[in-house]
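Below: one structure, written as C-alpha coordinates.
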Amino acid sequence: MYVSEKFLRDYSTAERDVVGRHHYEVFPDVPEKWREVHRQALAGRVSSADRDPWVRVDGSVIWTRWECRPWYEADGSIGGIIVDTEVITDEVLAEEALRTSEAHLRTLVDTLPDMVWLKDPEGVFLSCNRRFAQYFGAPVDEIVGKTDLDFLDEEFAASIRAHDLVAMEAGGTTMKEQEVVFAADGHREVIETLKTPVIAADGGVVGILGVGRDITQRKRAEQELAASNDLLTNLARLVPGVIYQYRLWPDGRSAFPYASPGMTDIYEVTPEEVREDAAPALGRLHPDDRDRVVELVEESARTLETFSCEYRVLLPRQGLRWRWSEAHPLRTADGGALWHGIILDITQRKLAEQEIRRQADQLKRTQSGAVLAMSKVVESRDPYTAGHELRVTQLAVAIGAELGLRGGVLEGLRLAGMLHDIGKIAVPAEILSKPGRLSPVEFSIVQQHPRAGYDILAAIEFNEPVALTVLHHHERLDGSGYPQGLRGEAILLQARILAVADVVEAMASHRPYRPSLGLEPALDEISGGAGRWYDPEVAGACLRVFDAGFSFET
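Each residue of the sequence shown is one higher than the one before, starting from 339 at the first, in our numbering.
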(Lines of atoms letter the chains of each structure in order from A and count residues from 1; the text may use other names and numbers.)
(Lines give C-alpha, C1' and ligand atoms only; values in the text may rest on other atoms or scores of the structure.)
Protein backbone atom coordinates (compact mmCIF):
# COMPACT_ATOMS: atom_id res chain seq x y z
CA MET A 1 0.00 0.00 0.00
CA TYR A 2 2.91 2.38 0.79
CA VAL A 3 6.70 2.35 1.03
CA SER A 4 9.12 5.20 1.62
CA GLU A 5 11.89 6.15 -0.76
CA LYS A 6 14.42 5.40 1.99
CA PHE A 7 13.01 1.87 2.25
CA LEU A 8 13.72 1.27 -1.40
CA ARG A 9 17.28 2.63 -1.03
CA ASP A 10 18.16 0.81 2.15
CA TYR A 11 16.87 -2.55 0.94
CA SER A 12 18.40 -2.12 -2.52
CA THR A 13 15.38 -3.51 -4.28
CA ALA A 14 15.53 -3.55 -8.05
CA GLU A 15 11.82 -2.92 -8.23
CA ARG A 16 10.81 0.73 -7.96
CA ASP A 17 7.01 0.42 -8.44
CA VAL A 18 5.99 -1.84 -5.59
CA VAL A 19 2.76 -0.23 -4.38
CA GLY A 20 -0.13 -2.67 -4.85
CA ARG A 21 2.20 -5.66 -5.10
CA HIS A 22 2.58 -8.41 -2.54
CA HIS A 23 5.58 -8.18 -0.20
CA TYR A 24 6.73 -11.69 -1.06
CA GLU A 25 6.52 -10.90 -4.76
CA VAL A 26 8.98 -8.05 -4.30
CA PHE A 27 11.13 -10.06 -1.85
CA PRO A 28 10.68 -13.68 -2.93
CA ASP A 29 13.59 -14.85 -0.71
CA VAL A 30 12.15 -13.58 2.57
CA PRO A 31 13.43 -15.94 5.31
CA GLU A 32 10.96 -17.97 7.27
CA LYS A 33 11.76 -15.87 10.35
CA TRP A 34 10.17 -12.84 8.73
CA ARG A 35 7.21 -14.76 7.36
CA GLU A 36 6.51 -15.87 10.95
CA VAL A 37 6.78 -12.26 12.17
CA HIS A 38 4.23 -11.27 9.52
CA ARG A 39 1.89 -14.07 10.54
CA GLN A 40 2.17 -13.02 14.19
CA ALA A 41 1.27 -9.42 13.26
CA LEU A 42 -1.73 -10.57 11.24
CA ALA A 43 -2.72 -12.54 14.29
CA GLY A 44 -2.66 -9.34 16.33
CA ARG A 45 0.76 -9.58 18.03
CA VAL A 46 3.56 -7.00 17.93
CA SER A 47 7.15 -8.14 17.27
CA SER A 48 10.33 -6.07 17.46
CA ALA A 49 14.12 -6.24 17.57
CA ASP A 50 16.69 -3.65 18.67
CA ARG A 51 19.45 -5.07 16.50
CA ASP A 52 18.93 -7.43 13.59
CA PRO A 53 20.99 -8.14 10.46
CA TRP A 54 19.39 -8.04 7.02
CA VAL A 55 21.04 -9.49 3.93
CA ARG A 56 20.17 -7.30 0.99
CA VAL A 57 19.65 -8.42 -2.58
CA ASP A 58 23.21 -7.49 -3.48
CA GLY A 59 24.54 -9.65 -0.65
CA SER A 60 25.54 -6.81 1.65
CA VAL A 61 24.39 -6.80 5.26
CA ILE A 62 22.68 -3.97 7.04
CA TRP A 63 21.68 -3.74 10.69
CA THR A 64 18.17 -2.68 11.60
CA ARG A 65 15.98 -1.82 14.55
CA TRP A 66 12.42 -2.75 13.66
CA GLU A 67 8.89 -3.19 14.88
CA CYS A 68 6.08 -5.11 13.14
CA ARG A 69 2.49 -4.55 14.32
CA PRO A 70 -1.01 -5.03 12.90
CA TRP A 71 -3.02 -2.11 11.62
CA TYR A 72 -6.76 -2.10 12.10
CA GLU A 73 -9.76 -1.26 9.98
CA ALA A 74 -12.43 1.08 11.29
CA ASP A 75 -14.46 -1.89 12.40
CA GLY A 76 -11.54 -3.17 14.48
CA SER A 77 -10.54 -5.95 12.15
CA ILE A 78 -6.89 -6.39 11.13
CA GLY A 79 -6.43 -4.88 7.73
CA GLY A 80 -2.67 -5.54 7.34
CA ILE A 81 0.67 -4.96 8.99
CA ILE A 82 2.90 -1.95 9.58
CA VAL A 83 6.65 -2.49 9.56
CA ASP A 84 8.73 0.35 10.99
CA THR A 85 12.42 -0.23 10.27
CA GLU A 86 15.40 1.94 11.27
CA VAL A 87 18.74 1.15 9.68
CA ILE A 88 21.34 1.32 12.46
CA THR A 89 24.33 -0.07 10.60
CA ASP A 90 26.54 2.95 11.40
CA GLU A 91 25.54 2.77 15.05
CA VAL A 92 26.32 -0.97 15.24
CA LEU A 93 29.65 -0.55 13.51
CA ALA A 94 30.52 2.32 15.86
CA GLU A 95 29.60 0.20 18.88
CA GLU A 96 31.69 -2.69 17.59
CA ALA A 97 34.61 -0.35 16.96
CA LEU A 98 34.18 1.01 20.48
CA ARG A 99 34.10 -2.50 21.96
CA THR A 100 37.22 -3.40 19.98
CA SER A 101 38.94 -0.25 21.12
CA GLU A 102 37.91 -0.93 24.71
CA ALA A 103 39.24 -4.49 24.42
CA HIS A 104 42.52 -3.20 23.06
CA LEU A 105 42.71 -0.60 25.79
CA ARG A 106 41.86 -3.19 28.45
CA THR A 107 44.57 -5.51 27.12
CA LEU A 108 47.04 -2.65 27.07
CA VAL A 109 46.17 -1.49 30.58
CA ASP A 110 46.23 -5.05 31.94
CA THR A 111 49.70 -5.66 30.54
CA LEU A 112 51.14 -2.48 32.06
CA PRO A 113 53.55 -3.03 34.96
CA ASP A 114 51.92 -0.03 36.65
CA MET A 115 48.73 -0.10 38.70
CA VAL A 116 45.88 1.79 36.98
CA TRP A 117 42.48 2.58 38.45
CA LEU A 118 39.53 4.91 37.99
CA LYS A 119 37.22 6.17 40.73
CA ASP A 120 34.18 8.37 40.81
CA PRO A 121 34.26 11.58 42.89
CA GLU A 122 32.98 9.62 45.92
CA GLY A 123 35.90 7.21 45.80
CA VAL A 124 34.00 4.27 44.30
CA PHE A 125 36.07 2.19 41.90
CA LEU A 126 34.81 2.29 38.32
CA SER A 127 37.63 0.26 36.81
CA CYS A 128 41.12 -1.09 37.50
CA ASN A 129 43.72 -3.29 35.86
CA ARG A 130 45.02 -6.69 36.94
CA ARG A 131 48.14 -5.22 38.54
CA PHE A 132 45.95 -3.13 40.86
CA ALA A 133 43.79 -6.18 41.58
CA GLN A 134 46.93 -7.97 42.83
CA TYR A 135 47.43 -5.15 45.31
CA PHE A 136 43.94 -5.60 46.76
CA GLY A 137 44.11 -9.38 46.36
CA ALA A 138 40.71 -9.57 44.69
CA PRO A 139 39.37 -10.04 41.13
CA VAL A 140 38.69 -6.90 39.13
CA ASP A 141 34.91 -7.44 39.13
CA GLU A 142 34.92 -7.64 42.94
CA ILE A 143 36.77 -4.32 43.22
CA VAL A 144 34.52 -2.32 40.88
CA GLY A 145 31.74 -0.67 42.87
CA LYS A 146 33.66 -0.68 46.14
CA THR A 147 35.96 1.78 47.92
CA ASP A 148 39.40 1.63 49.52
CA LEU A 149 37.75 1.13 52.90
CA ASP A 150 36.49 -2.28 51.73
CA PHE A 151 40.08 -3.53 51.37
CA LEU A 152 42.33 -1.40 53.57
CA ASP A 153 42.42 -0.41 57.23
CA GLU A 154 40.55 2.74 58.12
CA GLU A 155 43.60 4.95 58.69
CA PHE A 156 45.30 4.03 55.41
CA ALA A 157 42.04 4.31 53.46
CA ALA A 158 41.51 7.78 54.94
CA SER A 159 44.97 8.91 53.84
CA ILE A 160 44.26 7.70 50.29
CA ARG A 161 40.91 9.50 50.26
CA ALA A 162 42.64 12.68 51.43
CA HIS A 163 45.07 12.41 48.51
CA ASP A 164 42.14 11.91 46.13
CA LEU A 165 40.53 15.10 47.40
CA VAL A 166 43.77 17.05 47.07
CA ALA A 167 44.10 15.90 43.45
CA MET A 168 40.51 16.84 42.62
CA GLU A 169 40.86 20.25 44.24
CA ALA A 170 44.20 20.90 42.55
CA GLY A 171 42.70 20.33 39.14
CA GLY A 172 45.91 18.71 37.92
CA THR A 173 48.18 15.75 38.48
CA THR A 174 49.56 15.28 41.99
CA MET A 175 52.21 12.83 43.14
CA LYS A 176 52.79 10.91 46.34
CA GLU A 177 55.20 8.17 47.41
CA GLN A 178 54.19 5.49 49.87
CA GLU A 179 55.08 1.95 50.86
CA VAL A 180 52.29 -0.59 50.35
CA VAL A 181 51.80 -4.28 51.05
CA PHE A 182 50.36 -6.42 48.24
CA ALA A 183 47.50 -8.54 49.58
CA ALA A 184 48.08 -11.17 46.87
CA ASP A 185 51.43 -12.36 48.32
CA GLY A 186 52.37 -9.95 51.11
CA HIS A 187 55.40 -8.38 49.43
CA ARG A 188 56.16 -4.70 49.94
CA GLU A 189 56.76 -2.05 47.30
CA VAL A 190 57.40 1.67 47.32
CA ILE A 191 54.77 3.11 44.98
CA GLU A 192 54.85 6.49 43.26
CA THR A 193 51.19 7.44 42.85
CA LEU A 194 50.05 9.94 40.22
CA LYS A 195 46.43 11.09 40.49
CA THR A 196 44.68 13.17 37.84
CA PRO A 197 41.09 14.45 38.02
CA VAL A 198 38.78 13.53 35.12
CA ILE A 199 37.06 16.72 33.98
CA ALA A 200 33.70 16.74 32.19
CA ALA A 201 32.81 19.09 29.35
CA ASP A 202 31.09 21.42 31.79
CA GLY A 203 34.26 21.65 33.90
CA GLY A 204 33.04 19.46 36.71
CA VAL A 205 35.08 16.61 38.17
CA VAL A 206 33.52 13.27 37.27
CA GLY A 207 36.26 10.98 38.50
CA ILE A 208 39.90 10.53 39.35
CA LEU A 209 42.44 8.48 37.40
CA GLY A 210 45.27 6.92 39.38
CA VAL A 211 48.54 5.38 38.23
CA GLY A 212 50.84 3.64 40.70
CA ARG A 213 54.41 2.83 39.68
CA ASP A 214 56.77 0.54 41.56
CA ILE A 215 59.83 2.65 42.40
CA THR A 216 61.30 0.25 44.97
CA GLN A 217 64.47 -0.36 42.97
CA ARG A 218 64.80 3.33 42.16
CA LYS A 219 64.44 4.30 45.82
CA ARG A 220 66.95 1.64 46.81
CA ALA A 221 69.34 2.93 44.14
CA GLU A 222 68.77 6.50 45.36
CA GLN A 223 69.51 5.43 48.92
CA GLU A 224 72.64 3.59 47.82
CA LEU A 225 73.70 6.59 45.75
CA ALA A 226 73.09 8.93 48.67
CA ALA A 227 75.10 6.63 50.94
CA SER A 228 77.85 6.47 48.34
CA ASN A 229 77.85 10.26 48.00
CA ASP A 230 78.01 10.62 51.78
CA LEU A 231 80.92 8.18 51.85
CA LEU A 232 82.75 10.01 49.06
CA THR A 233 82.09 13.36 50.73
CA ASN A 234 83.42 12.10 54.05
CA LEU A 235 86.43 10.52 52.36
CA ALA A 236 87.05 13.70 50.39
CA ARG A 237 87.17 15.62 53.66
CA LEU A 238 89.88 13.26 54.88
CA VAL A 239 91.96 13.35 51.69
CA PRO A 240 94.67 16.01 51.78
CA GLY A 241 94.26 18.61 49.07
CA VAL A 242 91.25 18.72 46.79
CA ILE A 243 89.45 16.17 44.62
CA TYR A 244 87.91 17.86 41.61
CA GLN A 245 86.26 17.84 38.21
CA TYR A 246 87.56 20.43 35.78
CA ARG A 247 85.50 21.27 32.67
CA LEU A 248 86.89 23.00 29.59
CA TRP A 249 84.43 24.09 26.88
CA PRO A 250 85.39 24.48 23.20
CA ASP A 251 84.95 28.26 23.48
CA GLY A 252 87.60 28.44 26.22
CA ARG A 253 85.32 28.74 29.23
CA SER A 254 86.24 26.56 32.21
CA ALA A 255 84.82 25.60 35.59
CA PHE A 256 85.12 23.16 38.46
CA PRO A 257 81.70 21.38 38.43
CA TYR A 258 82.80 19.50 41.54
CA ALA A 259 85.45 20.33 44.10
CA SER A 260 85.86 18.87 47.57
CA PRO A 261 86.06 21.19 50.59
CA GLY A 262 89.86 21.20 50.28
CA MET A 263 89.48 23.80 47.51
CA THR A 264 89.23 26.40 50.28
CA ASP A 265 92.75 25.57 51.44
CA ILE A 266 94.35 24.83 48.06
CA TYR A 267 93.22 28.03 46.29
CA GLU A 268 91.54 29.95 49.13
CA VAL A 269 88.25 29.96 47.20
CA THR A 270 85.09 27.98 47.98
CA PRO A 271 83.83 25.17 45.72
CA GLU A 272 80.74 27.29 45.02
CA GLU A 273 82.84 30.20 43.74
CA VAL A 274 84.36 28.08 40.95
CA ARG A 275 81.42 25.81 40.12
CA GLU A 276 80.39 27.96 37.12
CA ASP A 277 83.67 29.74 36.39
CA ALA A 278 87.22 28.63 37.20
CA ALA A 279 88.62 32.17 36.99
CA PRO A 280 88.84 32.77 40.79
CA ALA A 281 91.08 29.71 41.15
CA LEU A 282 93.12 30.28 37.99
CA GLY A 283 93.78 33.82 39.18
CA ARG A 284 95.78 32.35 42.07
CA LEU A 285 98.42 30.84 39.73
CA HIS A 286 101.89 32.35 39.98
CA PRO A 287 102.43 34.70 36.99
CA ASP A 288 105.62 32.84 36.02
CA ASP A 289 103.78 29.47 35.98
CA ARG A 290 100.38 30.43 34.54
CA ASP A 291 101.23 30.08 30.83
CA ARG A 292 102.91 26.70 31.40
CA VAL A 293 99.91 25.35 33.31
CA VAL A 294 97.48 26.58 30.63
CA GLU A 295 99.59 25.01 27.86
CA LEU A 296 99.66 21.65 29.67
CA VAL A 297 95.88 21.77 30.16
CA GLU A 298 95.31 22.52 26.47
CA GLU A 299 97.71 19.75 25.44
CA SER A 300 95.91 17.28 27.71
CA ALA A 301 92.56 18.34 26.22
CA ARG A 302 93.91 17.85 22.71
CA THR A 303 95.64 14.48 23.26
CA LEU A 304 93.50 13.13 26.13
CA GLU A 305 96.76 12.31 27.92
CA THR A 306 96.98 12.62 31.70
CA PHE A 307 97.55 16.15 32.98
CA SER A 308 100.34 16.28 35.57
CA CYS A 309 102.03 19.45 36.77
CA GLU A 310 103.88 21.08 39.65
CA TYR A 311 103.27 24.82 39.95
CA ARG A 312 103.18 27.72 42.35
CA VAL A 313 100.26 29.78 43.61
CA LEU A 314 100.09 33.15 45.33
CA LEU A 315 97.41 33.13 48.02
CA PRO A 316 96.10 36.10 50.03
CA ARG A 317 96.49 34.34 53.37
CA GLN A 318 99.18 31.69 52.83
CA GLY A 319 101.40 33.54 50.39
CA LEU A 320 103.63 31.56 47.99
CA ARG A 321 102.78 27.84 47.98
CA TRP A 322 103.57 24.86 45.77
CA ARG A 323 100.85 22.67 44.28
CA TRP A 324 100.85 19.37 42.35
CA SER A 325 97.91 18.23 40.26
CA GLU A 326 97.19 15.11 38.25
CA ALA A 327 93.96 14.52 36.33
CA HIS A 328 92.63 12.18 33.65
CA PRO A 329 90.59 13.75 30.80
CA LEU A 330 87.49 12.53 28.98
CA ARG A 331 86.08 13.94 25.75
CA THR A 332 82.68 15.58 26.20
CA ALA A 333 79.85 15.47 23.67
CA ASP A 334 80.40 19.11 22.68
CA GLY A 335 84.07 18.51 21.88
CA GLY A 336 85.42 19.89 25.14
CA ALA A 337 87.09 17.95 27.93
CA LEU A 338 86.30 16.92 31.50
CA TRP A 339 89.06 16.00 33.94
CA HIS A 340 88.82 14.04 37.19
CA GLY A 341 91.80 14.71 39.38
CA ILE A 342 93.47 15.75 42.61
CA ILE A 343 95.51 18.74 43.75
CA LEU A 344 97.95 18.41 46.65
CA ASP A 345 99.91 20.93 48.68
CA ILE A 346 103.58 20.01 48.07
CA THR A 347 105.09 23.10 49.67
CA GLN A 348 106.81 21.19 52.47
CA ARG A 349 108.17 18.66 49.98
CA LYS A 350 109.55 21.42 47.75
CA LEU A 351 111.16 23.11 50.77
CA ALA A 352 112.63 19.76 51.79
CA GLU A 353 113.92 19.23 48.24
CA GLN A 354 115.53 22.65 48.30
CA GLU A 355 117.19 21.81 51.61
CA ILE A 356 118.32 18.44 50.25
CA ARG A 357 119.79 20.13 47.19
CA ARG A 358 121.55 22.65 49.40
CA GLN A 359 122.97 19.89 51.56
CA ALA A 360 123.86 17.84 48.48
CA ASP A 361 125.68 20.81 46.98
CA GLN A 362 127.47 21.35 50.27
CA LEU A 363 128.34 17.64 50.45
CA LYS A 364 129.53 17.72 46.85
CA ARG A 365 131.74 20.69 47.61
CA THR A 366 133.04 18.95 50.73
CA GLN A 367 133.60 15.75 48.79
CA SER A 368 135.33 17.59 45.98
CA GLY A 369 137.51 19.33 48.52
CA ALA A 370 138.38 16.03 50.15
CA VAL A 371 139.14 14.45 46.78
CA LEU A 372 141.33 17.39 45.82
CA ALA A 373 143.09 17.18 49.17
CA MET A 374 143.76 13.48 48.70
CA SER A 375 145.10 14.08 45.19
CA LYS A 376 147.39 16.77 46.60
CA VAL A 377 148.71 14.24 49.10
CA VAL A 378 149.68 11.98 46.21
CA GLU A 379 151.28 14.89 44.35
CA SER A 380 153.23 15.89 47.45
CA ARG A 381 154.83 12.47 47.52
CA ASP A 382 155.57 12.56 43.77
CA PRO A 383 156.14 16.20 42.75
CA TYR A 384 157.44 15.16 39.35
CA THR A 385 153.92 14.07 38.29
CA ALA A 386 152.09 17.05 39.75
CA GLY A 387 148.85 17.76 37.86
CA HIS A 388 148.64 14.23 36.43
CA GLU A 389 145.33 13.40 38.20
CA LEU A 390 143.74 16.67 37.07
CA ARG A 391 144.78 16.25 33.42
CA VAL A 392 143.71 12.59 33.33
CA THR A 393 140.37 13.67 34.77
CA GLN A 394 139.94 16.36 32.09
CA LEU A 395 140.52 13.88 29.27
CA ALA A 396 138.47 11.08 30.86
CA VAL A 397 135.46 13.36 31.34
CA ALA A 398 135.74 14.59 27.71
CA ILE A 399 135.86 10.98 26.43
CA GLY A 400 132.92 9.99 28.67
CA ALA A 401 130.81 12.88 27.38
CA GLU A 402 131.68 11.90 23.79
CA LEU A 403 130.42 8.39 24.57
CA GLY A 404 127.13 9.78 25.91
CA LEU A 405 127.73 9.52 29.64
CA ARG A 406 125.78 12.08 31.61
CA GLY A 407 124.91 13.20 35.12
CA GLY A 408 125.98 11.05 38.03
CA VAL A 409 127.90 8.58 35.88
CA LEU A 410 130.08 11.36 34.48
CA GLU A 411 130.53 12.81 37.97
CA GLY A 412 131.63 9.40 39.25
CA LEU A 413 134.17 9.22 36.40
CA ARG A 414 135.48 12.65 37.39
CA LEU A 415 135.97 11.56 41.01
CA ALA A 416 137.68 8.35 39.93
CA GLY A 417 140.02 10.38 37.70
CA MET A 418 141.01 12.63 40.57
CA LEU A 419 141.64 9.62 42.83
CA HIS A 420 142.89 6.96 40.43
CA ASP A 421 146.44 7.07 41.83
CA ILE A 422 145.48 7.49 45.52
CA GLY A 423 146.91 4.03 46.12
CA LYS A 424 150.41 5.36 45.45
CA ILE A 425 150.33 6.54 49.06
CA ALA A 426 151.33 2.97 49.85
CA VAL A 427 154.32 3.12 47.43
CA PRO A 428 157.62 4.38 48.89
CA ALA A 429 158.45 7.92 47.70
CA GLU A 430 161.90 6.87 46.51
CA ILE A 431 160.31 4.41 44.08
CA LEU A 432 157.86 7.03 42.78
CA SER A 433 160.66 9.55 42.16
CA LYS A 434 163.32 7.12 40.96
CA PRO A 435 164.83 8.57 37.74
CA GLY A 436 165.82 5.26 36.21
CA ARG A 437 164.02 2.07 35.25
CA LEU A 438 162.39 0.23 38.14
CA SER A 439 163.55 -3.21 39.20
CA PRO A 440 161.09 -6.11 38.97
CA VAL A 441 160.54 -5.93 42.74
CA GLU A 442 159.97 -2.18 42.62
CA PHE A 443 157.58 -2.50 39.68
CA SER A 444 155.62 -5.20 41.50
CA ILE A 445 155.21 -2.77 44.41
CA VAL A 446 153.93 -0.06 42.03
CA GLN A 447 151.47 -2.57 40.52
CA GLN A 448 149.72 -2.82 43.88
CA HIS A 449 148.65 0.82 43.90
CA PRO A 450 145.22 0.13 42.22
CA ARG A 451 144.44 -2.39 44.96
CA ALA A 452 145.65 -0.01 47.67
CA GLY A 453 143.52 2.76 46.17
CA TYR A 454 140.48 0.47 46.10
CA ASP A 455 141.00 -0.46 49.75
CA ILE A 456 141.13 3.22 50.71
CA LEU A 457 138.06 4.25 48.66
CA ALA A 458 135.89 1.20 49.34
CA ALA A 459 135.21 2.53 52.82
CA ILE A 460 133.77 5.75 51.37
CA GLU A 461 130.13 5.73 50.15
CA PHE A 462 129.97 7.14 46.61
CA ASN A 463 126.86 7.21 44.36
CA GLU A 464 128.93 5.63 41.56
CA PRO A 465 131.49 2.76 41.53
CA VAL A 466 134.50 5.03 42.10
CA ALA A 467 136.53 2.47 44.07
CA LEU A 468 135.98 -0.26 41.46
CA THR A 469 136.96 2.13 38.65
CA VAL A 470 140.23 2.86 40.45
CA LEU A 471 140.83 -0.88 40.93
CA HIS A 472 140.34 -1.59 37.19
CA HIS A 473 142.11 1.38 35.60
CA HIS A 474 145.33 -0.57 34.80
CA GLU A 475 143.50 -3.61 33.37
CA ARG A 476 143.76 -4.28 29.62
CA LEU A 477 141.29 -5.79 27.17
CA ASP A 478 143.50 -8.82 26.46
CA GLY A 479 144.05 -9.63 30.14
CA SER A 480 147.63 -8.34 30.23
CA GLY A 481 146.86 -5.62 32.77
CA TYR A 482 146.95 -5.63 36.56
CA PRO A 483 146.18 -6.24 39.37
CA GLN A 484 143.53 -8.89 38.44
CA GLY A 485 144.25 -9.58 34.77
CA LEU A 486 140.62 -8.93 33.76
CA ARG A 487 139.48 -9.17 30.12
CA GLY A 488 136.97 -7.33 27.92
CA GLU A 489 133.57 -6.48 29.42
CA ALA A 490 134.71 -7.68 32.85
CA ILE A 491 136.53 -4.35 33.07
CA LEU A 492 134.24 -1.50 34.12
CA LEU A 493 133.54 0.97 31.26
CA GLN A 494 134.65 3.92 33.40
CA ALA A 495 137.95 2.11 34.04
CA ARG A 496 138.43 1.47 30.30
CA ILE A 497 137.98 5.22 29.72
CA LEU A 498 140.37 6.05 32.55
CA ALA A 499 142.99 3.63 31.19
CA VAL A 500 143.10 5.41 27.81
CA ALA A 501 143.22 8.88 29.42
CA ASP A 502 145.98 7.73 31.82
CA VAL A 503 148.17 6.37 29.00
CA VAL A 504 147.76 9.48 26.82
CA GLU A 505 148.57 11.88 29.67
CA ALA A 506 151.54 9.79 30.90
CA MET A 507 153.15 9.51 27.45
CA ALA A 508 152.58 13.18 26.68
CA SER A 509 154.05 14.36 30.01
CA HIS A 510 157.53 14.37 31.60
CA ARG A 511 158.39 11.53 33.93
CA PRO A 512 161.34 11.11 36.33
CA TYR A 513 162.71 8.30 34.20
CA ARG A 514 162.19 9.97 30.78
CA PRO A 515 161.22 13.17 29.00
CA SER A 516 157.79 13.70 27.38
CA LEU A 517 157.21 11.49 24.33
CA GLY A 518 154.71 13.98 22.87
CA LEU A 519 150.98 13.84 22.11
CA GLU A 520 151.22 12.30 18.63
CA PRO A 521 153.05 9.14 19.80
CA ALA A 522 150.55 8.88 22.66
CA LEU A 523 147.59 8.97 20.26
CA ASP A 524 149.37 6.51 17.95
CA GLU A 525 149.72 4.18 20.93
CA ILE A 526 145.98 4.37 21.58
CA SER A 527 145.09 3.94 17.91
CA GLY A 528 147.47 1.01 17.48
CA GLY A 529 146.35 -0.73 20.67
CA ALA A 530 142.61 -0.33 20.06
CA GLY A 531 140.88 -3.69 20.24
CA ARG A 532 143.91 -5.36 21.86
CA TRP A 533 144.66 -3.40 25.02
CA TYR A 534 142.16 -0.58 24.78
CA ASP A 535 138.40 -0.53 24.20
CA PRO A 536 138.03 0.42 20.49
CA GLU A 537 134.97 2.64 21.15
CA VAL A 538 136.82 4.45 23.94
CA ALA A 539 139.92 4.79 21.74
CA GLY A 540 137.81 6.21 18.90
CA ALA A 541 136.14 8.70 21.25
CA CYS A 542 139.57 9.79 22.50
CA LEU A 543 140.79 10.48 18.98
CA ARG A 544 137.59 12.41 18.17
CA VAL A 545 137.87 14.73 21.16
CA PHE A 546 141.43 15.64 20.18
CA ASP A 547 140.32 16.14 16.57
CA ALA A 548 137.64 18.48 17.97
CA GLY A 549 140.35 20.61 19.63
CA PHE A 550 140.71 19.17 23.13
CA SER A 551 143.81 20.25 25.03
CA PHE A 552 144.99 19.76 28.60
CA GLU A 553 144.45 22.70 30.91
CA THR A 554 147.43 23.45 33.12
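From the three backbone atoms N, C-alpha and C, an ideal C-beta is built for every residue, glycine too.
Owing to the predicted nature of the structure, the values given are computational and were not obtained by experimental measurement.
Contact check, residue i vs residue j, beta carbons under 8 Å
i, j, result
"T531", "K557", "no"
"V838", "Y872", "yes"
"S865", "A877", "yes"
"D486", "R499", "yes"
"T445", "V425", "no"
"G755", "A734", "yes"
"L380", "I420", "no"
"E891", "Q732", "yes"
"H812", "P778", "no"
"T511", "K484", "no"
"L757", "V709", "yes"
"V482", "S465", "yes"
"V518", "E527", "yes"
"V632", "A619", "no"
"A805", "L815", "no"
"I737", "V883", "yes"
"G579", "A522", "no"
"F800", "G750", "yes"
"A844", "L857", "no"
"P609", "M601", "yes"
"V430", "C406", "no"
Candidates the options: closest to residue i by CA position
i, options, result
"Q656", "I604, G621 and Q700", "I604"
"A597", "Q692, V425 and R585", "R585"
"A495", "V478, A476 and V462", "V462"
"G673", "K457, A639 and D523", "A639"
"V364", "V356, L881 and E370", "V356"
"G791", "G761, A734, S465 and V612", "G761"
"E802", "P778, A619, L753 and R814", "L753"
"D589", "T641, A675, K533 and T534", "A675"
"W660", "V544, L623 and V632", "L623"
"V612", "E799, L815 and R591", "R591"
"V368", "W392, N567, H678 and L748", "W392"
"D683", "V747, L668 and V577", "V577"
"D428", "A559, L346, D396 and R389", "R389"
"W409", "D422, I400 and A665", "D422"
"F345", "R394, W372, I798 and P609", "R394"
"H726", "E614, S854 and T449", "S854"
"H525", "Y340, S385 and Q472", "Q472"
"A508", "K371, V747, P821 and G542", "G542"
"F520", "L490, A538, L503 and G545", "L490"
"Q583", "V447, N572, L569 and E614", "E614"
"L652", "D629, W677, G621 and T644", "G621"
"R359", "F470, D413 and V341", "V341"
"A538", "D458, N572 and D629", "D458"
"E875", "R852, D759, D502 and R834", "R834"
"I553", "L748, V730, I529 and L861", "I529"
"H678", "R729, D699 and L642", "L642"
Per DSSP, cross-strand counterpart(s) of residue i
i, result
"Y649", "R661"
"A868", "Y872"
"E768", "Answer is none; E768 lacks a bridge partner."
"D816", "R825"
"I400", "W392"
"F463", "K457"
"P408", "I419"
"V543", "I537"
"S385", "C406"
"R513", "Just to set this straight, residue 513 is Met in the shown sequence, not Arg. Bridge partners of M513: L532."
"L682", "W662"
"W677", "Y584 and P667"
Cβ neighbour criterion (16 or more within 10 Å) applied to residue i
i, result
"V649", "In the sequence as displayed, the identity of residue 649 is Tyr instead of Val. Buried, by the Cβ-count rule."
"S889", "exposed"
"Q832", "buried"
"L563", "exposed"
"D840", "buried"
"D626", "exposed"
"I581", "buried"
"A505", "buried"
"W404", "buried"
"N467", "buried"
"S663", "buried"
"T644", "exposed"
"D759", "buried"
Taking three-plus beta-carbon pairs below 8 Å as touching, is the stretch 859 to 869 in contact with the stretch 760 to 776?
Result no; under three Cβ-Cβ pairs closer than 8 Å.
On the three-pair Cβ rule with 8 Å, is the stretch 757 to 765 touching the stretch 778 to 797?
At 8 Å Cβ cutoff, the stretches touch.
contact_flag[the stretch 544 to 564, the stretch 445 to 462] where n(CB pairs < 8 Å) is 3 or more:
yes
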